Every structure is written in C-alpha cells, then in structure tokens.
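Novice: The sequence shown: position 49 = 457 (my numbering), numbered continuously.
I have a structure I would like to understand better, so I am pasting it below and will then ask my questions one at a time.
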Amino acid sequence: MKYEQLKGETEEISKEQEEIRKGQRKVGEKIEAIEAECEQLKYQTNLIIKQSARTHIRLSLMFLILKARQHAHFAKAAHFTHLLRSWNNSN
Numbered sequence: 409m410k411y412e413q414l415k416g417e418t419e420e421i422s423k424e425q426e427e428i429r430k431g432q433r434k435v436g437e438k439i440e441a442i443e444a445e446c447e448q449l450k451y452q453t454n455l456i457i458k459q460s461a462r463t464h465i466r467l468s469l470m471f472l473i474l475k476a477r478q479h480a481h482f483a484k485a486a487h488f489t490h491l492l493r494s495w496n497n498s499n
C-alpha cells in the first residue's frame, strides 16, 4: 500500500514539475517578447530624437535667414539659405 501511495505522489510531483517547466517557458517567452519590444521602442525613440534635432536645425537656419533679411544683411541671408539647402540635401 505504501508503494502505491509513493508511486502516486511521485507521479503527482512529476506532473507539477512539468507544469512549472511549462510556466517557466511561457514566462521566458514573454520576457523575450518584452525585450524585443523594448529594443524596437529604443530604436524608434532614437529616430524621433534625430528627426527632432534635424527639424530644430532647419528652423534655426530659417530664423537666421529671416533675421538677416529683416536687417538687410543679404549676404548673410544668402549664406544661411545656402546652408539650409545643403542641410536639406544631405539629410
């Protein structure tokens, strides 16, 4: 009788251990998916930061062009316009 009881308990423990392993695999898969999503978000965030910096530079150049024209500094305005065109063509 004890042998049957031990055998039953052993089988139950084996089933529980298998369930634990399945759970651990699922958790591992979820962690991998979260890590991949995190990397994708970092990549997208870096793209947004770069785009924002480029936009800031373009707007700054435009502002400098307007200010130069306002003060009749047409050589400076032409220079900044050239810089803006160069910047736009390289980016």
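Ideal Cβ placement from N, Cα and C applies to all residues, glycine included.
This one's a predicted model, so the numbers in the text were calculated from it and none came from an experiment.
For L492 versus L469, is the C-beta distance shorter than 8 Å?
Specialist: Yes, the pair counts as a contact, with Cβ atoms nearer than the cut-off.
Novice: Once DSSP output is grouped into helix, strand and coil, what is the label at N499?
Specialist: N499 falls in the coil class under three-state DSSP.
Novice: Got a sec, what are the start and stop residues for the alpha helix (DSSP H) A480 sits in?
Specialist: Element bounds for A480: n/a, residue is neither H nor E.
Novice: Let me make sure I understand the geometry here. Which of R433, K423, T418, W495 has the alpha-carbon closest to that of S466?
Specialist: Strictly speaking, residue 466 in this sequence is Arg, with Ser absent from that position. Nearest option by C-alpha distance: W495.
Novice: Closest to R462 by C-alpha separation, out of S422, N499, I421, K484, would be which residue?
Specialist: When only C-alpha atoms are compared, the closest one is N499.
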